[in-house]
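J.: Letter by letter, the sequence shown follows residues 75 to 533 in this note's numbering.
My questions will all concern the structure given below.
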Amino acid sequence: AGACEEELWNSDLGPTHRGAAWKHLLLGGITLRQKAGTHQDYYEKLCEKESEYDSVIRRDVNRTLPQEERFREKNGEGQLALFRLLRALAIRLCDIGYCQSLNFIVATLIGIFPEDEALAFQCALALLLRYSLVDLYRPKFAKLGVVVWQFDRIVEGFLPKVHTALVRHGVNSEYYAIQWFLTLFASDLSQPIVRRIWDRFLVAGWRIVVQVGLALLYTIQDTLPGMDTCNALMHLRKFAKSCPYDAEQLLNAAASFKVSHRMLSALEAAYNWEDDVQLLVIKDLNSGQVHWAVQALKPEPPSSAPRRDCGDEDEEEPPIEMPRAFSRRDSQGGGGQEPDLGGPLDGTDEARGTVLPFLIRNLDTGDETVLNEAWSQYTDDISRRAKASAGPLQATPSASPERMPAVSGEDSSSEAGRSGRTGISQSPPSASGQPQQAGGGSYWMQSVQRQAVRRLGQV
Numbered sequence: 075a076g077a078c079e080e081e082l083w084n085s086d087l088g089p090t091h092r093g094a095a096w097k098h099l100l101l102g103g104i105t106l107r108q109k110a111g112t113h114q115d116y117y118e119k120l121c122e123k124e125s126e127y128d129s130v131i132r133r134d135v136n137r138t139l140p141q142e143e144r145f146r147e148k149n150g151e152g153q154l155a156l157f158r159l160l161r162a163l164a165i166r167l168c169d170i171g172y173c174q175s176l177n178f179i180v181a182t183l184i185g186i187f188p189e190d191e192a193l194a195f196q197c198a199l200a201l202l203l204r205y206s207l208v209d210l211y212r213p214k215f216a217k218l219g220v221v222v223w224q225f226d227r228i229v230e231g232f233l234p235k236v237h238t239a240l241v242r243h244g245v246n247s248e249y250y251a252i253q254w255f256l257t258l259f260a261s262d263l264s265q266p267i268v269r270r271i272w273d274r275f276l277v278a279g280w281r282i283v284v285q286v287g288l289a290l291l292y293t294i295q296d297t298l299p300g301m302d303t304c305n306a307l308m309h310l311r312k313f314a315k316s317c318p319y320d321a322e323q324l325l326n327a328a329a330s331f332k333v334s335h336r337m338l339s340a341l342e343a344a345y346n347w348e349d350d351v352q353l354l355v356i357k358d359l360n361s362g363q364v365h366w367a368v369q370a371l372k373p374e375p376p377s378s379a380p381r382r383d384c385g386d387e388d389e390e391e392p393p394i395e396m397p398r399a400f401s402r403r404d405s406q407g408g409g410g411q412e413p414d415l416g417g418p419l420d421g422t423d424e425a426r427g428t429v430l431p432f433l434i435r436n437l438d439t440g441d442e443t444v445l446n447e448a449w450s451q452y453t454d455d456i457s458r459r460a461k462a463s464a465g466p467l468q469a470t471p472s473a474s475p476e477r478m479p480a481v482s483g484e485d486s487s488s489e490a491g492r493s494g495r496t497g498i499s500q501s502p503p504s505a506s507g508q509p510q511q512a513g514g515g516s517y518w519m520q521s522v523q524r525q526a527v528r529r530l531g532q533v
């Protein structure tokens, strides 16, 4: 087993050996229950039963991995196999049913096990259950909200320049990365790259997803800050599809970000803290070791700064905050409150405007465009109201790119990470302000969000 994992980690094993390695890692040591006449029936029976999700599955099958020859032909062998597998999964996972993004997960597995649908079905179940991916799809998507918040804190710690730009544009990973998490990058990256990412994911788990996400963001850290909001929003949706790295280059870049499972666990625990949370990452230039700490940030006292003149054109435009579909505050003391998926656009609640009404999405190609004129008018109006009332709508990031310690890709294998409020031998630079308020967000693609809203009974 150890040799198998090492080979899978270090090199592309090709289709034959990769299939054997994935089967071993996914199905080794477990037995999936099979009970005739129930939702745990054998695959051959489940794939022939009608499902309430059949029409949705058929629609998604037609636009899954169209660049792959196997799925290009409408009602071809690949599409029919994908439909049968998704139908069987929807019945087997009766508490979840079918969610968009599962089509990319299953299509990737078909590419590894093209001649054995039953085996692909078992591996899909094992992937979702053994690696806890199924929790991302559960009603209200609570786990997904934690994952998104966790990734935002990691971006703030490792890529402060990117984090600052995202705060300025009023978005976070709920806007651009949700499909990465739900499809394990299969929706955005080519299949050869996805397979290599999955090679390591099956060995090391979720930290690989986080590291690859950081590596992708690193490719735009110099261009994103110079973009206006409209161009930034469009670019964030599709930049991963034009990733300049091949598979090995991307994995090498990802490995330079020293993310550990201890770090992920510490952040997940901090999700329930009452205060805002920051991940500090500091590299010791003498030893090369990377130190980190998760710490709470006390709220800043109300600002006593003088009110700004609404007509002062020299003032920096305040950032525009987008709504959050899942509020971390609600999860802490929320009393069972439903997530807020939107807000008024009439200026009565400036901090809750949403970019979604300004997006046009092509459901066949997945491309999105922004209604630039309408969006600009909206953001200008929000800015004027913010200046007139108090100033910025949200606090500035906790540290500027110049003051946040940089993380290098140099060897720091002796990472001395600790959770909690210890783990840094010297005091970090003082924070200049309070970080963006954590929370959920407009993190479904438009069609996916509509499905989420229906499930929440709000339409």
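Just so it is clear, CB atoms sit at the ideal spot from N, CA and C, and this is done for glycine as well.
Compute the Euclidean distance between the alpha carbons of Tyr-211 and Arg-242, then round it to the nearest angstrom.
T.: 30 Å
J.: Just list the residues that DSSP pairs Val-355 with in beta bridges.
T.: Trp-366
J.: Check whether the region 103 to 116 touches the region 281 to 301, counting contact only when three or more Cβ pairs, one atom from each stretch, lie closer than 8 Å.
T.: no
J.: Bridge partners of Leu-371, per DSSP?
T.: Asp-350
J.: Starting from the C-beta of Tyr-127, find all residues in its chain whose C-beta is less than 6 Å away, skip the five residues before and the five after it, and write them out in chain order.
T.: Only Ala-164, Gly-171, Tyr-172 meet the Cβ criterion.
J.: Thinking C-alpha only, which one of Trp-96, Ala-192, Leu-218, Ile-252 is nearest Lys-312?
T.: Ile-252
J.: Comparing alpha-carbon positions, which option in Gln-196, Arg-146, Asn-177 lies nearest Leu-160?
T.: Asn-177
J.: Nearest-angstrom Cα distance between Pro-374 and Ala-278?
T.: It should be noted that the sequence gives Glu, not Pro, for residue 374. Near 39 Å, if we compare the C-alpha coordinates of Ala-278 and Glu-374.
J.: Specify the secondary structure class of Tyr-343 as computed by DSSP and reduced to three states.
T.: In the sequence as presented, Tyr is not what sits at residue 343; that position holds Ala. It is helical.
J.: Just to confirm, are Ile-267 and Arg-274 a CB contact at a threshold of 9 Å?
T.: no
J.: Return the residue from the list Leu-99, Gly-231, Ala-110 that minimises the CA-CA distance to Leu-199.
T.: Nearest of Leu-99, Gly-231, Ala-110 to Leu-199, Cα basis: Leu-99.
J.: What is the DSSP secondary structure of Trp-280, reduced to helix, strand or coil?
T.: Three-state DSSP puts Trp-280 in coil, outside helix and strand.
J.: Under a three-way DSSP split, which group does Gln-114 fall into?
T.: coil
J.: Would you mind working out which of Glu-248, Pro-234, Ala-239 sits nearest Lys-217, comparing C-alpha positions?
T.: Glu-248
J.: Our contact map puts Thr-257 next to Ser-206 with C-beta atoms below 8 Å; I'd like the distance itself, whole angstroms only.
T.: About 16 Å; that fails the 8 Å criterion.
J.: Anyone know if the C-beta pair for Arg-227 and Leu-310 falls short of 9 Å?
T.: no
J.: Counting Cβ pairs, one atom from each stretch, are 3 or more of them under 8 Å apart for the region 178 to 185 and the region 125 to 145?
T.: Three or more beta-carbon pairs separated by less than 8 Å link the region 178 to 185 to the region 125 to 145, which places the two stretches in contact.
J.: Roughly how many angstroms lie between the CA atoms of Ala-321 and Ile-271, to the nearest whole one?
T.: 8 Å
J.: Can you grab the Cα-Cα spacing for the pair Thr-238 / Leu-371, in whole Å?
T.: About 17 Å.
J.: So, for Pro-299: in the same chain, excluding its five sequence neighbours on each side, which residues have a beta-carbon less than 6 Å away from its beta-carbon?
T.: A distance below 6 Å between beta-carbons, with the five flanking residues on each side excluded, links Pro-299 to the following residues of its chain, in chain order: Ala-239.
J.: Along the chain, where does the alpha helix (DSSP H) containing Lys-332 start, and where does it finish?
T.: For Lys-332, no alpha helix (DSSP H) segment is defined, and its DSSP state is neither H nor E.
J.: Taking the C-alpha atoms as reference points, what is the distance between Val-286 and Arg-269?
T.: 13 Å
J.: Are Val-333 and Phe-255 touching if we call contact CB-CB under 9 Å?
T.: No; because the gap between Cβ atoms is not below 9 Å, this pair is not in contact.
J.: Are there 16 or more other CB atoms within 10 angstroms of the CB of Gly-88, so buried, or fewer, so exposed?
T.: exposed
J.: What number of angstroms, rounded off, separates the C-alpha of Pro-318 from the C-alpha of Gln-265?
T.: 15 Å
J.: So the candidates are Thr-138, Asn-136, Leu-201, Asp-190; which of them puts its Cα closest to the Cα of Leu-167?
T.: Leu-201
J.: Please classify Lys-315 as buried or exposed, where buried requires at least 16 neighbouring CB atoms within 10 angstroms.
T.: exposed
J.: Would you report the Cα separation of Thr-105 and Trp-96, rounded to the nearest angstrom?
T.: 16 Å
J.: Classify Arg-92 as buried or exposed, calling it buried when 16 or more other Cβ atoms lie within 10 Å of its own Cβ.
T.: Classification for Arg-92: buried.
J.: List the whole-angstrom C-beta distance separating Ala-162 from Cys-197, where the pair is believed to meet the contact cut-off of C-beta under 8 Å.
T.: 13 Å between Cβ atoms; not a contact.
J.: Given that a residue counts as buried once 16 or more other Cβ atoms are within 10 Å of its Cβ, and exposed if not, what is Gly-103?
T.: exposed
J.: Between which two residues does the alpha helix (DSSP H) containing Pro-89 stretch?
T.: 88 to 101
J.: Are the beta-carbon atoms belonging to Trp-366 and Val-355 less than 9 Å from one another?
T.: yes
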